[in-house]
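For the sequence shown, the UniProt record's numbering begins at 1 and goes up steadily by one.
We put the CB at the ideal spot given by N, CA and C, even for glycine.
Presented below is the structure to which this report refers.
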Amino acid sequence: MAAPEKSIKENVSSKDEDQSQNPTSPYYLHPGENPASIISDPQLNGVNYHSWSKNFKRALLSKNKYKFVDGSIKEPDKKDPLWDAWERCNNTIVSWIIKTLPPEIAQSVIYIDNAQELWEDFKDRFSKGDHFRVSDLLQDLHSIRQGDRGISTYYTNLKTLWEELEVLRPLPSCTCSIKCSCDLMKTVKKYKDYEYVICFLKGLNDQYSHVRSQILMMEELPLIKKAFPLLIQQERQHVGAIESRVLATATDPNFGWRGSSTGRGGNQGSRGRGRSNSRGVNGGNIKVCSFCGKERHTVETCYCKHGFPPNFKFKNRSTNPSVNSLTSEQNNNS
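Here is the structure:
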């Protein structure tokens, strides 16, 4: 019986020794995986620890190396056949981590040689104070406004804040041996999805108030991935309408006409002793916006109210052009 037992041990030992050559093993290092590689971006600066760790974790998982930092693979005894393979992988991972650190942080961990210890050091150092960050994120999420951003940019900024909050405050999961059947967690997730959509809608500019009201009046709010395309379509329609109005205004023969009257009787076309330009009776054809009070446009085409079209360029030659003031040579006083 001793001989078969010895044979089994030899086979196990042989199998262990081959782990570094097995592409499915965590101990395997591809020839392209060298310590000088940069496998994750951006650099860790302390404030971005959660996004940094998530990106780096994803990179390690793709290379089948995350087990070296989460404690699943412990450092073997130096007499173990896997020691050499473990040391190579460990040193490679440490080098990958160092590559994502600024000099001041890298200097503080120069004497940590174990990848798991290095990973836990950053967690202990930078994940503290999460309650303060959660407080800031909640405030930002409920106060963010679209402003002069497009729908896509505004949504991206909101999504970044929301996903960071999800990392810091993930939804709990049932750990009972007998799973409950009351769908409580589905309801909790639905409420969080509602909160996400509401934050997105409440921050939109007033020009989207109609679509916002229609969505909020729904009995079941749509998911954010359903609400976002609706607002994108509305934005395109809105921009198209503004551009059409601008084109119609620019081609209007009366655009920018300043009712100049000559002569004492104020009759247009008479060549009297004087001339006057006014916004009164004689200048009644001057367009004045009821929203911003500026001339040469109306509230229907006011950019202050409706927003500027994409890539809009002022055509006024002055250094401080007024909104909606386009160059027009019609009816200029000679």
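Using the C-alpha atoms, what's the distance from residue j back to residue i?
i, j, result
"Y191", "E75", "44 Å"
"S152", "I232", "7 Å"
"D18", "H142", "55 Å"
"C302", "K287", "11 Å"
"A36", "D113", "16 Å"
"R145", "V239", "19 Å"
"K54", "S209", "36 Å"
"D121", "K128", "12 Å"
"G32", "E117", "25 Å"
"Q237", "T175", "48 Å"
"N90", "L223", "43 Å"
"I38", "N45", "16 Å"
"Q234", "P23", "51 Å"
"S20", "S177", "38 Å"
"R125", "V69", "16 Å"
Between residue i and residue j, which are expected to be in contact by the criterion C-beta below 8 Å, what is the C-beta distance as a whole number of angstroms?
i, j, result
"R212", "L221", "The pair is not a contact, with the Cβ atoms about 12 Å apart (cut-off 8 Å)."
"A59", "S40", "4 Å"
"Q207", "H297", "So it is not a contact: roughly 17 Å between Cβ atoms."
"P65", "I93", "One point to set straight first is that residue 65 is Lys, not Pro, in the sequence displayed. Going by Cβ atoms, the distance from K65 to I93 rounds to 6 Å, so yes, they are a contact pair."
Using alpha carbons as the reference points, say which of the options lies closest to residue i.
i, options, result
"K189", "S173, E120, I144", "S173"
"A115", "W86, V134, K128", "W86"
"K225", "K78, L201, T187, T301", "L201"
"L137", "R125, G150, T160", "T160"
"D198", "L184, C182, I215, F56", "Just to set this straight, residue 198 is Ile in the shown sequence, not Asp. With distances taken between Cα atoms, I198 lies closest to I215."
"M218", "Y194, V239, L61", "Y194"
"W119", "G147, K67, Q21, K79", "K67"
"Q43", "V299, G147, E104", "E104"
"K78", "E295, R88, K186", "R88"
- prompt: Is there contact here, the region 164-172 with the region 133-145, by at least three beta-carbon pairs under 8 Å?
  reply: yes
- prompt: Counting Cβ pairs, one atom from each stretch, are 3 or more of them under 8 Å apart for the region 50-58 and the region 102-109?
  reply: The region 50-58 is not in contact with the region 102-109.
- request: Pair every Cβ in the region 26-33 with every Cβ in the region 98-106, then say whether three or more of these pairs are closer than 8 Å.
  value: no
message: What ranges does the alpha helix (DSSP H) occupy inside the region 68-123, keeping only unbroken runs of at least 4 residues that lie completely in it?
response: Here the runs fully enclosed are 83-99, 103-108.
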